[in-house]
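Numbering (the working numbering), first residue to last: 573 to 1188.
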């Protein structure tokens, strides 16, 4: 391998030299070869940018140390040979400058890597056959790649109690102390739920302050789960509850599929993204024994009818002059604002999430239509989210039923496990339409799964209510978040001479910054959308895990593609929603939807009918 002349020129210009850290490690005998290699790799940042040490090692790519000072060259070569570090000398043709090429697959390095993994395994409960991450585990893959077939070290596995009824489960026995959960929770979500406890060989990860998870301010975003390389963190498995309901002849099982699920379920099944349609999910559920199957995009349209009307009432009444109205579809965001910014709770929309609205309609309107007692209906939702499990545990009471809107919530991962359990091959699935009464959905409902989608869908309908005509569906391009880190997106939109100030944010670390700015009065908005997970529901904590890849952006683009190619792109043009209002709900914000589709987040605001959105 030879360093190019351009690289050499850049190195000489930048004056990159081997770090003192690497020299010191060699001087101490380089007992920690991993640390040495990392130190050498850091020297290359100025030349190559960000260095991924794990990738260098996994690909067994040599590390180029550029350049060596003449006075250091001989000393470095002597010490490197002493510790068994293999290298070759490279001389650039143009500059005649000496370089070293450190081999990352030398015998010494291979032994060190293997021993490090064996030490990790000695503190890991590697019962792979019964682990939810089997076949998708970084440690499992690394062990196989290093040909580890025995364990020379004594096993010592940590045991700690955990509330198995909580939606998020931590298995201490599987934790490898990689600290990823701590990092994503602290630096991305800004919550700091996890922390390092104890010292020395007893060092472990636990809830900060040694509290119970139920006493912490965990919002159940699930980002710690999706970033865990092993099975130490997972969602509570509720699949057996679904199987029991399907097997019960007295129960009518009704399943709804969230918009974001269609973008990701195929990843776990080895399917092309364009082949993994929502129609095939509906077909799969019919094959698994569900009685009725629906697309949650329908109730997303219903949510827009209520939320857009509520926004217009608040906006026109002047109640948003100080603080904006916030969307209320994301349960992780709701848990966050209630614990971190309780003074802003009254600014939440009172509309329930699409999941809960669908459940409520199922146990009233739909139950009446099919002549089934609501108590015998089991509503199941497939969501990209762990917080939806906690949301469903809330009890809502209505005159026709008492208890839960939604009985069981499964993550996308749980659904794919059920699919494998039934041995249903993806290639036999066909596109099936949702069942009648709530069959139609729009592109506006589909984009709920991507950050900014709720806002855009609501504004499409609000614009129609104010002007009497539909805007160009792509009129709201400015609010589609494209930031790499999903930081704040702002837009002032012209509604026939009326300016609507909007903001969109996802990721709770970004959200905290925004709310603090609103609290200080630094910024002012009329309408704000918040999603707890970076990128929105498509990046939810219940989605398939692709270690080392952030796929929220790709999945979000898929939803916008489906929206752009939808026959109907406005929620108020959903004819099944219109029929629901005609036959049952009367009109948005009337008493029936008030009781049925609005939650207890805060008091319902003025319902004098300043303006209502009518279904077409």
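For every residue, glycine included, the Cβ atom is placed at its ideal position computed from N, Cα and C.
Judged by DSSP secondary structure, residue 715 falls within the alpha helix (DSSP H) whose first and last residues are 710-717. For the pair residue 1155 and residue 937, the CB atoms are nearer than the 9 Å cut-off. For residue 969, the uninterrupted beta strand (DSSP E) run begins and ends at 968-970, by DSSP. Under the DSSP assignment, residue 682 falls in the alpha helix (DSSP H) whose first and last residues are 679-693.
Counting along the chain, residue 776 sits inside the beta strand (DSSP E) bounded by residues 776-779.
Distances from the alpha-carbon of residue 692 to those of 934, 749, 719 put 749 closest. Going by beta carbons, residue 934 and residue 949 fall inside the 9 Å limit. DSSP lists 970 as the beta-bridge partner residues of residue 973. The Cβ neighbour count for residue 846, taken over all protein chains shown within 10 Å, is under 16; the residue is labelled exposed. Put simply, the backbone Cα of residue 771 is about 14 Å away from that of residue 730.
Note: residue 1153 is not bridge-paired with any residue in the DSSP secondary-structure output. Pairing residue 1015 with residue 875, the inter-Cα distance amounts to about 14 Å.
Residue pairing from DSSP places residue 1170 in a beta bridge opposite 923.
In this structure, residue 1046 sits away from residue 1063, with a CB-CB distance that is not shorter than 9 Å. With contacts defined by Cβ atoms closer than 9 Å, residue 991 and residue 751 do not form a contacting pair. Assigned with DSSP and collapsed to three states, residue 1055 falls in coil, not helix or strand.
Within the same chain, Cβ atoms closer than 8 Å to the Cβ of residue 897 are found at 882, 883, 886, 887, 919, 920, 921, 1098, 1099, 1100, the five residues on either side in sequence being excluded.
Measuring C-alpha to C-alpha distances from residue 849 to each of 1086, 1002, 1069 identifies 1002 as the nearest. Residue 725 counts as exposed, since fewer than 16 other beta carbons sit within 10 angstroms of its beta carbon.
According to the DSSP assignment, residue 825 belongs to the beta strand (DSSP E) that extends over 824-829.
When the beta-carbon positions are compared, residue 904 and residue 1104 come within less than 9 Å of each other. For a cut-off of 8 Å, the C-beta gap from residue 802 to residue 710 is around 7 Å, short enough to register as a contact.
Annotated three-state conformation of residue 1013 is coil, per DSSP. Put simply, of 923, 984, 792, 1007 the residue whose alpha carbon is nearest the alpha carbon of residue 1030 is 923. In the DSSP assignment, residue 751 forms no beta bridge with any residue.
In this structure residue 1007 is buried. Its beta-carbon is surrounded by 16 or more other beta-carbon atoms within 10 angstroms. In this structure, the beta-carbon distance from residue 1168 to residue 1025 does not fall below 9 Å.
A distance of 9 Å or more separates the beta carbons of residue 757 and residue 804. In the DSSP assignment, residue 816 falls within the alpha helix (DSSP H) that extends over 811-819. Pairing residue 1116 with residue 760 gives a Cβ-Cβ distance that is not under 9 Å. The Cβ-Cβ distance between residue 1048 and residue 1073 does not fall below 9 Å.
Residue 808 and residue 736 have their alpha carbons spaced roughly 7 Å apart. The three-state secondary structure of residue 734, taken from DSSP, is coil. The Cβ-Cβ distance between residue 960 and residue 925 falls below 9 Å. 9 Å or more divides the Cβ of residue 985 from the Cβ of residue 1164.
Residue 1160 counts as buried, since at least 16 other C-beta atoms from the protein chains shown sit within 10 angstroms of its C-beta.
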